[in-house]
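So the protein lines, in turn, are chains Y and E. Quick note: the first sequence uses my numbering, first residue 1, plus one each step. Quick note: the second sequence uses my numbering, first residue 1001, plus one each step. The structure under discussion appears below in the form of structure tokens.
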Amino acid sequence: MAIAEILSYGFIQRALIAGTLIAVLCSVLGVFLVLRRLSLIGDGLAHVTFGSVAVSLIMGINPVYVTVAAIPLVMLSSLGILKLTEKARIYGDAAIGIVSSLGIACGILLASVAGGFNVDLFSYLFGNILAVGDSDMIIAAVLFVVVMLAIAFFYRDLFAITFDEDLAKCSGIRTAAINTVLVLMTSLTVVLAMKVVGIMLISALLILPAVTALQIARSFKTTIIASCCFATISVTIGIFGSFVLNLPTGGFIVIVNFIFFILAYTWKYARKAKG
Amino acid sequence: MPLELLNIEGLWVRYNAAEVLRQISFRVAAGDYVGIVGPNGSGKSTLIKAALGLVGGERGNIALFGTPLASFTEWRRIGYLPQRLRFFNPNFPATVEEIVGLGLLAGKQLPRKLTREDRQAVEKTLEFMGITDLRKRIIGELSGGQQQRVLLARSIVGGPELLILDEPTTALDPETRDKFYTLLRDLNRDNGTTVILVTHDTSSIGTYASRFIYVDKEIIFNGTFDDFCHSTEMTNLFGEYAQHLICHRH
């Protein structure tokens, strides 16, 4: 099948647009999260998204707006993770684990109490970017603009706290506020990414492009640019590849990302070996 | 009366049940070069962190440039070089230039964009520190000594009036360490930068510091190095022979 023919399908066009926007968001935030050793926050929040989707469905919210309806709960949970880490002095990974398992537990209980939903809750686990509708695309575009503007505005503060939080504090940066901004942006992105790769694989979209970029980058700025490139190329290949081979898109995207990681890692060590 | 850059009064710091610092009071005036020394675990680093608000004190008052710490906002007037970065990641992908540029964020309004003048300041500082050739290198690729120079460059690039350094010479070989001390002396003497240097290198600091504070959970001694060498408290603390060795070098 020719590329032009594939591109002529509306659902492919929507998938490419929404996928690219979400890939850029995930890859930029992923760099900060990976370097701050908060990689698994994406996974944790994705599990909370599962619970939030169940809440939205049990409340009878139109499935089209389930994504948007899940946002407040996921944002609150992300703040919960922060507070557990800061105030209760629980390690970040443990705090993520607590909130994450709570999210999944609520989702399962609600699904059981409701006796099943009209919309299959479990379809959110694996996502389906080829089913992205016009409203999803608009939501993705609006959230993309919001998150990217926030990243641009706080870029230097984010860079500073990622390098060292104490030094950032001594530069007058309100580190608690910037941490809050980071987790809130992550929660928005995770909710959006649910459509692309599904809850089970969201953390891959946050972690893999960033880790791949870290293998080859020569500055902080180029790390972010490289991460964006790897993510968008993976999503594009994933959409085309899964369509042609009739395979699940989410899984395909993650596998392409992983191949990029292996290539970058090999390249790095080959270069090192050459001296 | 010279401007008071740091004023600590009756500071107590406790970590859970352990008392780390008790009844600490001292002042640092503009132009001072203060060496804070003490054995390992004496609370030197905690003292500096408390002075900067990185560690909360249980009791006591801290003022920076005459302003209580809680309401202090003029961070561009302070340069800080920690003993080690809390979460330093050797694979952190930032270049030397990018790291040094971080030292200019204090006092800027969001989004804290760097101007052409800022880039020139970074350039000048790299040159001053003798690390211009490292500007495009990733910080994790550098040796301990080079990294320390980069972090010092980061702390002085904004032209701070008060420079606080916590064990900055730990990763340095003796030759580089001496150069480092000379550099700090030049900053203090020629630029008028007030320096607070935390170290356990008691003998070297005597050559450079105008004042000497010996801390072991509380202030044991606060005076000049000469006073230190003639202090009976110090003789009791170190023993006559050790005190002679420390003071003899100067």
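Virtual Cβ for every residue (Gly too), placed ideally from N, Cα, C.
By the criterion of at least three beta-carbon pairs nearer than 8 Å, the region 1184-1200 of chain E is in contact with the region 1150-1170 of chain E. If you check each beta-carbon in the region 214-237 of chain Y against every beta-carbon of chain E, the ones closer than 7 Å belong to Leu214, Ala217, Arg218, Ser219, Phe220, Thr223. For Asn257(Y), the enclosing alpha helix (DSSP H) starts and ends at 249-274. With respect to Ala1171(E), Gly1035(E) sits apart: the two C-beta atoms are not nearer than 8 Å. DSSP places Gly1041(E) in the coil class of the three-state scheme, outside both helix and strand.
Counted as a single uninterrupted DSSP element, the alpha helix (DSSP H) harbouring Ile12(Y) occupies residues 10-35. With respect to Val1100(E), Val1122(E) sits close: the two C-beta atoms are nearer than 8 Å. Leaving aside the five residues that flank Ser187(Y) on each side, the residues in its chain whose CB is nearer than 6 Å to its CB run, in chain order, Leu45, Val74, Met75, Ser78. About 22 Å separates the beta carbons of Trp1012(E) and Cys170(Y), which is beyond the 8 Å limit, so they are not a contact pair. For Ala1030(E), the three-state secondary structure derived from DSSP is coil.
Secondary structure note for Asp1166(E): its beta strand (DSSP E) is the uninterrupted segment 1162-1166. A direct Cα-to-Cα measurement between Tyr91(Y) and Phe1092(E) gives close to 22 Å.
Leu33(Y) is positioned such that its CB atom lies no closer than 8 Å to that of Ser27(Y).
Taking the CA atoms as reference points, Lys1217(E) sits about 12 Å from Ser1025(E). Shown here for Gly51(Y): same chain residues with a beta carbon closer than 8 Å to its own, the five before and five after excluded, namely Leu73, Leu102, Gly103, Ile104, Ala105, Cys106, Gly107, Leu110 in chain order. When Arg37(Y), Val64(Y), Ile71(Y), Gly80(Y) are compared, the shortest CA-CA separation from Thr189(Y) is found for Ile71(Y). Residue environment: Asn1188(E) is assigned as buried (16 or more neighbouring CB atoms within 10 Å of its CB, all protein chains considered). Look at Asp166(Y): its C-beta is under 8 Å from a C-beta on chain E. In the three-state DSSP reduction, Arg1059(E) falls in the strand class (E or B). Around the beta-carbon of Asn179(Y), 16 or more other beta-carbon atoms lie within 10 Å, marking it buried.
Among the CB atoms of chain Y, none fall inside 8 Å of the CB of Thr1202(E).
When DSSP states are grouped into helix, strand and coil, Ala1018(E) belongs to the strand group.
Distance from the CA of Ile61(Y) to the CA of Val196(Y), rounded to the nearest whole angstrom, comes to 21 Å.
Looking at the backbone, the Cα of Ala54(Y) and that of Leu167(Y) are separated by about 42 Å. For Gly1223(E), the enclosing beta strand (DSSP E) has its first and last residue at 1219-1223.
The continuous stretches of beta strand (DSSP E) do not include Leu206(Y), which lies in the alpha helix (DSSP H) extending over residues 202-216. Within its own chain, the residues whose Cβ lies closer than 8 Å to the Cβ of Pro1039(E), once the five positions on either side in sequence are excluded, are His1200, Asp1216, listed in chain order.
Counting only the Cα atoms, Ala1018(E) lies some 29 Å from Thr1232(E).
Think of a sphere of 9 Å around the beta carbon of Asp157(Y): the chain E residues whose beta carbon falls inside it are Leu1105, Leu1110, Pro1111, Arg1112, in chain order. From the listed residues Phe258(Y), Ala15(Y), Ser8(Y), the smallest Cα separation to Gly133(Y) is found for Ala15(Y). If you look at Val147(Y), you'll find it in the alpha helix (DSSP H) that goes 134-163.
Judged by DSSP in its simplified three-state form, Gly42(Y) adopts helix.
Our two residues, Pro1090(E) and Glu1141(E), have alpha carbons roughly 8 Å apart in a direct line. Interface annotation, Pro1093(E): in contact with chain Y, CB-CB separation under 8 Å. For chain Y, the residues of the region 1058-1081 of chain E that bring a beta carbon within less than 7 Å of one of its beta carbons are Thr1073, Trp1075, Ile1078, Tyr1080, in chain order.
Among the CB atoms of chain Y, none fall inside 8 Å of the CB of Ile1219(E).
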